[in-house]
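Quick note on numbering: my numbering labels position 83 of the sequence shown as 133, and the sequence is numbered without any gaps.
Even glycine gets a Cβ: it sits at the ideal position worked out from N, Cα and C.
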Amino acid sequence: MILNKKVYDTHIREMRVMQPVVMNLTFKKEFRTGTNIVGYINNNAAQTVIIGAHYDHLGYGEDGSSRMTEPGRAIHNGADDNASGVAAMLALADKLKKSAQKKYNYLFIAFSAEELGLLGSKAFVKEKDFDRKKAAYMINMDMVGRLSPDRKLTVGGVGTSPVWGSVLKSVTSNFKIVNDSSG
């Protein structure tokens, strides 16, 4: 069982049970090192667009993430979660570098430790060297290899920036855009 204080406080503490439950739990603290990888296109613009994707995947199932039914240890390849997002981000970086589009600077971040609780992106937000006031918006590319047969494209976080509503209304493609305002 994997349990942390936040999970306990949120889901366990307030549970009302008919009989007391006694548990003996052992906690093991593990430290891991993660590294975010950053690239920057400087167009000498006033604002910067951040484009990110996490590059970690589900590992070997060591954190209870395995869907395997057979015993043993096998790598959990992350083709869609999230090699697809990283590939799309790198392709976009290449296109923007060659583009005449100079309205924004572009900051590309390959985040580490997303599967462990968004640790790479949380570390970046705490980074003091980046002036958040210069961020126009962020695009997070996660699991972009799952286009449904009905061509429905879900865009999450639309409510996090006033820009997204008008931008998405201007999209004239053969995708069915579904807006999700949560971020």
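Alpha carbons only, please: which of Leu166, Ser134 and Asn155 is nearest the one belonging to Ile100?
Ranking Leu166, Ser134 and Asn155 by Cα distance to Ile100 puts Asn155 first.
I need the straight-line Cα distance from Gly215 to Asn229, nearest angstrom please.
Answer to the nearest angstrom: the Cα atoms are 9 Å apart.
When DSSP labels each residue in this structure, what does Gly209 get in the three-state scheme?
DSSP places Gly209 in helix when its eight states are reduced to three.
Beta carbon of Asn190, beta carbon of Gly207: below 9 Å?
Yes.
Looking at the unbroken alpha helix (DSSP H) that takes in Asp144, where does it start and where does it end?
Note, Asp144: alpha helix (DSSP H), Ser134 to Lys148.
Report yes or no: is there a C-beta of chain C within less than 9 Å of the C-beta of Thr60?
No chain C is part of this structure, which consists of one protein chain only.
Assign Ser162 to buried or exposed, taking buried as 16 or more other Cβ atoms, counted over all protein chains shown, within 10 Å of its Cβ.
Flag for Ser162 reads buried.
Can you give me the start and stop residues for the beta strand (DSSP E) that Phe161 sits inside?
From DSSP, the beta strand (DSSP E) with Phe161 extends over Asn155 to Phe161.
Compare the C-alpha of Val205 against each of Pro212, Lys148, Ala160 and Ile227 and name the closest.
Selected option, being the one with the closest Cα: Ile227.
Would DSSP call Asp41 helix, strand or coil?
The first residue shown for the chain is 51 and the last is 233, placing residue 41 beyond what the model contains.
What's the gap between the Cα of Lys237 and the Cα of Lys178?
A query on residue 237 cannot be resolved here, the shown segment of the chain reaching from 51 to 233 and no further.
Starting from the C-beta of Arg63, find all residues in its chain whose C-beta is less than 6 Å away, skip the five residues before and the five after it, and write them out in chain order.
Hits under 6 Å: none found.
Residues in its own chain within less than 7 Å of Arg201 by CB, not counting five upstream and five downstream?
Closer than 7 Å at the Cβ level, and outside the excluded window around Arg201, lie Asn224, Phe225 and Lys226.
Which partner residues of Gly102 appear in the DSSP bridge assignment?
Beta-bridge pairing links Gly102 to Ile159 and Asn190.
Rounded to whole angstroms, what is the Cα-Cα separation between Leu203 and Asp106?
So the two alpha carbons sit approximately 23 Å from each other.
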